[in-house]
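Some notes on the structure that comes next.
Number of protein chains: 2
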Amino acid sequence: MPQTLSRVDGDRVLADLHALRAIGAYKTGVHKPTFSEPHMRSLRWLADQLPDAGLDATIDGIGNVLGSSSRPGPKLLAGSHLESQNYAGWLDGPLGVIYALEAARVINCDPDVHGAVEVAAWCDEEGHFGHFLGSRSWVGALTEADIDAARDRSSGRTMREALRDVGLAGRPRLTVERGRHIGYLEAHIEQGDRLERSALAIGVVTSIVGIWQYRISFTGEQNHAGTTRMAIRKDAGLALARFCVAIDDRFPALCGPRTVWTTGRITLDPGAPSIIPGLAEMLFQIRDDDPAVIEGLEQTLRTMAAEVTAQGRCSVTVERLRTGTPAGMNAGFQDAIEAASVAFAGGRSMRMPSAAGHDAQILSTVMPAGMLFVPSIGGISHHVLENTCDADIVTGAQVFVETCRRLLEE
Amino acid sequence: MPQTLSRVDGDRVLADLHALRAIGAYKTGVHKPTFSEPHMRSLRWLADQLPDAGLDATIDGIGNVLGSSSRPGPKLLAGSHLESQNYAGWLDGPLGVIYALEAARVINCDPDVHGAVEVAAWCDEEGHFGHFLGSRSWVGALTEADIDAARDRSSGRTMREALRDVGLAGRPRLTVERGRHIGYLEAHIEQGDRLERSALAIGVVTSIVGIWQYRISFTGEQNHAGTTRMAIRKDAGLALARFCVAIDDRFPALCGPRTVWTTGRITLDPGAPSIIPGLAEMLFQIRDDDPAVIEGLEQTLRTMAAEVTAQGRCSVTVERLRTGTPAGMNAGFQDAIEAASVAFAGGRSMRMPSAAGHDAQILSTVMPAGMLFVPSIGGISHHVLENTCDADIVTGAQVFVETCRRLLEE
Chain A
819 MPQTLSRVDG
829 DRVLADLHAL
839 RAIGAYKTGV
849 HKPTFSEPHM
859 RSLRWLADQL
869 PDAGLDATID
879 GIGNVLGSSS
889 RPGPKLLAGS
899 HLESQNYAGW
909 LDGPLGVIYA
919 LEAARVINCD
929 PDVHGAVEVA
939 AWCDEEGHFG
949 HFLGSRSWVG
959 ALTEADIDAA
969 RDRSSGRTMR
979 EALRDVGLAG
989 RPRLTVERGR
999 HIGYLEAHIE
1009 QGDRLERSAL
1019 AIGVVTSIVG
1029 IWQYRISFTG
1039 EQNHAGTTRM
1049 AIRKDAGLAL
1059 ARFCVAIDDR
1069 FPALCGPRTV
1079 WTTGRITLDP
1089 GAPSIIPGLA
1099 EMLFQIRDDD
1109 PAVIEGLEQT
1119 LRTMAAEVTA
1129 QGRCSVTVER
1139 LRTGTPAGMN
1149 AGFQDAIEAA
1159 SVAFAGGRSM
1169 RMPSAAGHDA
1179 QILSTVMPAG
1189 MLFVPSIGGI
1199 SHHVLENTCD
1209 ADIVTGAQVF
1219 VETCRRLLEE
Chain B
819 MPQTLSRVDG
829 DRVLADLHAL
839 RAIGAYKTGV
849 HKPTFSEPHM
859 RSLRWLADQL
869 PDAGLDATID
879 GIGNVLGSSS
889 RPGPKLLAGS
899 HLESQNYAGW
909 LDGPLGVIYA
919 LEAARVINCD
929 PDVHGAVEVA
939 AWCDEEGHFG
949 HFLGSRSWVG
959 ALTEADIDAA
969 RDRSSGRTMR
979 EALRDVGLAG
989 RPRLTVERGR
999 HIGYLEAHIE
1009 QGDRLERSAL
1019 AIGVVTSIVG
1029 IWQYRISFTG
1039 EQNHAGTTRM
1049 AIRKDAGLAL
1059 ARFCVAIDDR
1069 FPALCGPRTV
1079 WTTGRITLDP
1089 GAPSIIPGLA
1099 EMLFQIRDDD
1109 PAVIEGLEQT
1119 LRTMAAEVTA
1129 QGRCSVTVER
1139 LRTGTPAGMN
1149 AGFQDAIEAA
1159 SVAFAGGRSM
1169 RMPSAAGHDA
1179 QILSTVMPAG
1189 MLFVPSIGGI
1199 SHHVLENTCD
1209 ADIVTGAQVF
1219 VETCRRLLEE
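Here it is, written out as structure tokens:
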């Protein structure tokens, strides 16, 4: 009777997710940037729920919410994040937090289970102020100088100001207690369409791909958009457009089966309609779980840049801003998720890498870590249309809680 | 002895240009946006010089500086503008103003000349707040509602606020007095390299080309830059890049000999490195002196947009923001400039259209208008490196003053 073992309350899970959706609602999604009023309200909402799951709640000096148990026995840490991208979806983050909360509610009061699930909501996974600031703080990888330097990418407000404004400045930052946890488990929406296309319910994450990020800069010659003949122009913006198209033409022959690349931002300088841009810049990202593939693509970028520069009209530089190392998920955790999927999802699971970054990659540097995915309708995410059907949400919760139980029992 | 007839003081012209260059100096150029402190200081500097040229100075309610003469006889209006593009060159505008000032100094005190040169510095030719607001105000083509709606394109400050801040709010706006002037003459740097390439000193402007401006918008689907497979992406930014390249590939076969086109600004939305842009937008300009050429190119743009939309991945719309009608320069003015070039520049002149917009196109709607160009080194303009050699500046001044004299004597 696996259903009776889990005692997951699907209606409660859905009600909690909708409660968080109502805080900072925007169209069909939410707008909860880190340290915004609705984000802070979401943190307090979570802290208020934790005692019913047998947990003592703390909001620490970086905005992490942590629920700790005084129950004897092994502890499993579980969670995700509560802030959102700007004007984005309602499940990205909250799903994993509510699954963790549900697991704690079910397991921490169960006299048949030895140990407890502890809950975490990591601050700023979405990177408004930096990369994984909350989870990096907790694993001890964030210095005070890092915090001094962090700024909101939209408003430019410093993290120090934000922490002061929301009343967190001066609070201690909690950090990992070595040996306390048997590991970390996180659930998330897939944010892609592989599960949906395969009619599966659960993704067993094998690794979290690395993200390599580049600034590609083009230098031409700023000039008058009326008087400068086409033949003598050194248009940095046009060079950039040609570069984007060349990437898209060349990469498919060189990439791996799951490589993705994106130009997310373009800036022309000075950006006036009557001036030929003398400078242009693009932020470019490549993601893959095989560093060798990335190395080949980066070499191609640099070769292309040298080719354009050699033509003499515009010079191109490629600067790597971020180097991502793929994070492997623990094999025992993968097996536990798969076994729980057999019990609660009819075995409708597949193993897959995560093409998105998640706090689990940070946690994996200090303890075994695992992740499970539920399907995203149409593969849409980082958008107000992001959604997962109720049945998949509930199935995911059952598999998640069962995974927690199996890991604690091992 | 043409030199003795003109009595142009080349050192005085250069000293005046350098005096204006020192106000708001930035690197080798200037930064004098409309209604900035250095712009206002430049207006007052000019107003202070006008009495020595026999002119009464007024700064009016839109920021035009006008010097009027009480001398009997025909009046020729001459001038240009004093504000600059942001972080741009020192001669774009001031050259024509100082030539006009020099012409007034030479001619208005000459007992052998009947009539006078009156001087104008038109406000905001560079379009910080709109299109030719100063000269349009003077010819009666600017309403109070136009001023209400005008905003600084960089800061967003309204024109009303700016006028109040600089103390011009409430002053009357001066307007054209029908029949007072025989016409308008303006000198300007060429901002292109045709004179330099031909080793000529003077460009006799035949017409000022029209500027057609478009907003081209791309709608795809915003999504996650890690989890969305390349095959299903609807990347609005990539569609924009391909469109830019397609324009550059197709237009050369369809354009006229002097057509130019420019993408001056690109915006991706939301503009985050980890999000596939769902919207993208470019500001696109075409300039030519033949409206039929423009019409063909605009039709090509619309056909290309329909083709991309029909492919089903992203939809493209083309919106015309600005329709430019070419302005013909007066034939008698062209002849006078050419004759003055024979006298003072060894006949080293050529007739040419202006590919840049100038206040003369606005003045040409109410009186005969003419323009002359001096060479730009390397064709560079709208850039701090903009320059003209001293000898060409002085030759231009001599030709300009001689042209004024000939026009007044006709």
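Chains as they are written, first to last, in my numbering: chain A, 819 to 1228; chain B, 819 to 1228.
Glycine included, C-beta positions come from ideal geometry on N, C-alpha and C.
Keep in mind that this is a model prediction, so the values were computed, not measured.
Would Leu-1097 (chain A) count as contacting chain B if we go by Cβ distances under 8 Å?
Numbered from 1 along the first sequence, position 279 holds the residue referred to as residue 1097 (chain A). Taking Cβ atoms only, chain B never reaches closer than 8 Å to Leu-1097 (chain A), which makes this a no.
His-1201 (chain B) touches chain A at which residues, Cβ-Cβ below 9 Å?
Here residue 1201 (chain B) refers to the residue found at position 383 of the second sequence. Within chain A, the residues near His-1201 (chain B) are Glu-1039, Gln-1040, Asn-1041, His-1042, Ile-1093 and Gly-1096.
Have a look at A:Phe-947, A:Asp-1208, A:Ala-865 and A:Met-1100 and flag the residue whose alpha-carbon is nearest the alpha-carbon of Val-915 (chain A).
For the purposes of this step, residue 915 (chain A) is taken as the residue at position 97 of the first sequence. Measuring from the Cα of Val-915 (chain A), the nearest candidate turns out to be A:Ala-865.
Shortest alpha-carbon distance to Tyr-917 (chain B) belongs to which of B:Val-1192, B:Gln-1152, B:Gly-1165 and B:Glu-1228?
As a position in the second sequence, residue 917 (chain B) is number 99, starting the count at 1. It is B:Val-1192 whose Cα lies nearest to the Cα of Tyr-917 (chain B).
Identify, in the order they occur along the chain, each residue of the same chain with its Cβ nearer than 6 Å to the Cβ of Ile-1034 (chain B), setting aside the five sequence neighbours on each side.
By 1-based counting over the second sequence, the position of residue 1034 (chain B) is 216. Counting only Cβ-Cβ distances below 6 Å, and skipping sequence neighbours, we find Met-1100, Phe-1102 and Val-1136.
Could you check whether the segment 998-1015 of chain A touches the segment 1166-1176 of chain A, counting it as contact only if at least three pairs of C-beta atoms, one from each stretch, sit closer than 8 Å?
yes
Segment limits, alpha helix (DSSP H) that includes Ile-1180 (chain A)
The residue given as residue 1180 (chain A) occupies position 362 in the first sequence. 1177-1181 is the extent of the alpha helix (DSSP H) around Ile-1180 (chain A).
Looking at chain B, is there any beta carbon in it that lies within less than 8 Å of the beta carbon of Gly-911 (chain A)?
Working through the first sequence from its first residue, we reach residue 911 (chain A) at position 93. With 8 Å as the cut-off, Gly-911 (chain A) does not count as an interface residue toward chain B.
Terminal residues of the continuous alpha helix (DSSP H) containing Gly-1021 (chain B)?
Sequence index remark: in the second sequence, residue 1021 (chain B) carries index 203 (1-based). Counting along the chain, Gly-1021 (chain B) falls outside any alpha helix (DSSP H), though it belongs to the beta strand (DSSP E) covering 1020-1026.
Have a look at Ile-1065 (chain A) and Gln-1031 (chain A) and give me their C-alpha separation to the nearest angstrom.
Against the first sequence, residue 1065 (chain A) aligns to sequence position 247. Against the first sequence, residue 1031 (chain A) aligns to sequence position 213. Near 15 Å, if we compare the C-alpha coordinates of Gln-1031 (chain A) and Ile-1065 (chain A).
Which residues mark the beginning and the end of the alpha helix (DSSP H) in which His-836 (chain A) is found?
Residue mapping note: residue 836 (chain A) aligns to position 18 of the first sequence, counting from 1. From DSSP, the alpha helix (DSSP H) with His-836 (chain A) extends over 828-839.
With 8 Å set as the bound, which would you pick, yes or no: does the beta-carbon of Ile-1198 (chain A) sit closer than that to a beta-carbon of chain B?
Stepping through the first sequence from its first residue, residue 1198 (chain A) is reached at position 380. Answer yes: the Cβ-Cβ gap between Ile-1198 (chain A) and chain B drops below 8 Å somewhere.
If we cut at 8 Å on Cβ distances, does Cys-1207 (chain B) have a partner in chain A?
Along the second sequence, read from residue 1 onward, the residue named residue 1207 (chain B) stands at position 389. Answer no: the Cβ-Cβ gap between Cys-1207 (chain B) and chain A never drops below 8 Å.
Between which two residues does the beta strand (DSSP E) harbouring Leu-1101 (chain B) extend?
Against the second sequence, residue 1101 (chain B) aligns to sequence position 283. Note, Leu-1101 (chain B): beta strand (DSSP E), 1097-1106.
Cα-Cα separation between Gly-1175 (chain A) and Gly-1021 (chain A), rounded to whole angstroms:
For this step, residue 1175 (chain A) is matched to residue 357 along the first sequence. For this step, residue 1021 (chain A) is matched to residue 203 along the first sequence. If you take the alpha carbons of Gly-1175 (chain A) and Gly-1021 (chain A), they lie about 15 Å apart.
Relative to the C-alpha of Met-1189 (chain B), which candidate in B:Ile-1195, B:Cys-1207, B:Ala-1145 and B:Ala-1163 has its C-alpha closest?
Numbered from its first residue, the second sequence carries residue 1189 (chain B) at position 371. Here the closest residue by C-alpha is B:Ala-1145.
Per DSSP, the bridge partner or partners of Gly-847 (chain B)
For this step, residue 847 (chain B) is matched to residue 29 along the second sequence. Bridge partners of Gly-847 (chain B): B:Tyr-844.
Just how far apart, CA to CA, sit Leu-1203 (chain B) and Lys-850 (chain B)?
The sequence position of residue 1203 (chain B) within the second sequence is 385, counting from 1. The sequence position of residue 850 (chain B) within the second sequence is 32, counting from 1. Cα-Cα distance, rounded: 16 Å.
In chain order, what residues of the same chain have a beta carbon less than 8 Å from the beta carbon of Ser-824 (chain A), not counting five sequence neighbours either side?
Position 6 of the first sequence, counted from the start, is the residue given in the question as residue 824 (chain A). In this predicted model, Ser-824 (chain A) has a pLDDT of only 49, less than 50, meaning its place in the structure is not dependable enough to derive any value.
Let me check you understand the geometry: is the CB of Leu-1139 (chain A) closer than 7 Å to at least one non-hydrogen atom of the ligand MN?
This structure lacks the ligand MN, and indeed carries no ligand of any kind.
When the Cα of Ala-967 (chain A) is compared with those of A:Met-977, A:Glu-1228 and A:Ala-959, which residue comes out closest?
In the first sequence, the residue the question calls residue 967 (chain A) occupies position 149. Of the listed residues, the one whose Cα sits closest to Ala-967 (chain A) is A:Met-977.
Cβ separation of Arg-889 (chain A) and Gly-872 (chain A), assumed to be a contact under 8 Å, to the nearest whole Å:
Here residue 889 (chain A) is taken as the residue at index 71 of the first sequence, counted from 1. Here residue 872 (chain A) is taken as the residue at index 54 of the first sequence, counted from 1. Yes, they are in contact, since the Cβ atoms of Arg-889 (chain A) and Gly-872 (chain A) sit about 7 Å apart, within 8 Å.
Opening and closing residue of the beta strand (DSSP E) in which Pro-856 (chain A) lies
Start at 1 with the first residue of the first sequence, and residue 856 (chain A) comes out as number 38. That residue, Pro-856 (chain A), is in no beta strand (DSSP E); its alpha helix (DSSP H) goes 855-867.
Determine the direct distance from the alpha carbon of Ala-1154 (chain A) to that of Thr-822 (chain A), and round the result to whole angstroms.
Counting from 1 along the first sequence, the entry for residue 822 (chain A) is found at position 4. Counting from 1 along the first sequence, the entry for residue 1154 (chain A) is found at position 336. With a pLDDT of 40 at Thr-822 (chain A), under the threshold of 50, the modelled position of that residue is not reliable, and no figure is offered here.
At least 3 beta-carbon pairs within less than 8 Å: the segment 1116-1126 of chain A vs the segment 1114-1127 of chain B
no
Check Trp-940 (chain A) in the structure and name its three-state DSSP category.
Within the first sequence, the letter at position 122 stands for residue 940 (chain A). Coil.
Kindly indicate which three-state DSSP category Val-1126 (chain A) falls into: helix, strand or coil?
Along the first sequence, one-based indexing puts residue 1126 (chain A) at 308. Reduced to three states, the DSSP call for Val-1126 (chain A) is helix.
Between which two residues does the beta strand (DSSP E) carrying Gly-897 (chain A) extend?
In the first sequence, counting from the first residue as 1, residue 897 (chain A) sits at position 79. Looking at the DSSP string, the run of the beta strand (DSSP E) that includes Gly-897 (chain A) is 893-898.
Rounded C-beta distance between Ala-1173 (chain B) and Arg-1076 (chain B)? I'm assuming under 8 Å.
What you label residue 1173 (chain B) is simply residue 355 of the second sequence in a count that begins at 1. What you label residue 1076 (chain B) is simply residue 258 of the second sequence in a count that begins at 1. Confirmed, Cβ separation roughly 7 Å.
To the nearest angstrom, report how far apart Ile-1211 (chain A) and Val-1078 (chain B) are at their CA atoms.
Numbered from its first residue, the first sequence carries residue 1211 (chain A) at position 393. Numbered from its first residue, the second sequence carries residue 1078 (chain B) at position 260. Taking the straight line from one Cα to the other gives about 56 Å.
In whole angstroms, what is the alpha-carbon distance linking Asp-1208 (chain A) and Gly-828 (chain A)?
What you label residue 1208 (chain A) is simply residue 390 of the first sequence in a count that begins at 1. What you label residue 828 (chain A) is simply residue 10 of the first sequence in a count that begins at 1. Their Cα atoms are separated by approximately 9 Å.
Cβ distance (whole Å) where Leu-1097 (chain B) is taken to contact Phe-1036 (chain B) below 8 Å
Mapped onto the second sequence, residue 1097 (chain B) falls at position 279. Mapped onto the second sequence, residue 1036 (chain B) falls at position 218. A Cβ-Cβ distance of about 7 Å is found for the pair Leu-1097 (chain B) and Phe-1036 (chain B), placing them in contact under the 8 Å criterion.
Does the structure place the segment 1177-1188 of chain A close enough to the segment 838-847 of chain B that three or more beta carbon pairs sit under 8 Å?
no
Where Leu-832 (chain B) and Thr-1141 (chain A) are concerned, what is the direct C-alpha to C-alpha distance, given to the nearest angstrom?
Along the second sequence, one-based indexing puts residue 832 (chain B) at 14. Along the first sequence, one-based indexing puts residue 1141 (chain A) at 323. In a straight line, the C-alpha of Leu-832 (chain B) is about 55 Å away from that of Thr-1141 (chain A).
Based on the DSSP output, what are the partners of Gly-1188 (chain A) in its beta bridges?
Walking along the first sequence from the start, residue 1188 (chain A) turns up at place 370. Note: Gly-1188 (chain A) sits in a beta bridge opposite A:Leu-1003.
Alpha carbons only, please: which of A:Val-1027, A:Leu-900 and A:Val-931 is nearest the one belonging to Gly-952 (chain A)?
Position 134 of the first sequence, counting from 1, holds the residue named residue 952 (chain A). It is A:Leu-900 whose Cα lies nearest to the Cα of Gly-952 (chain A).
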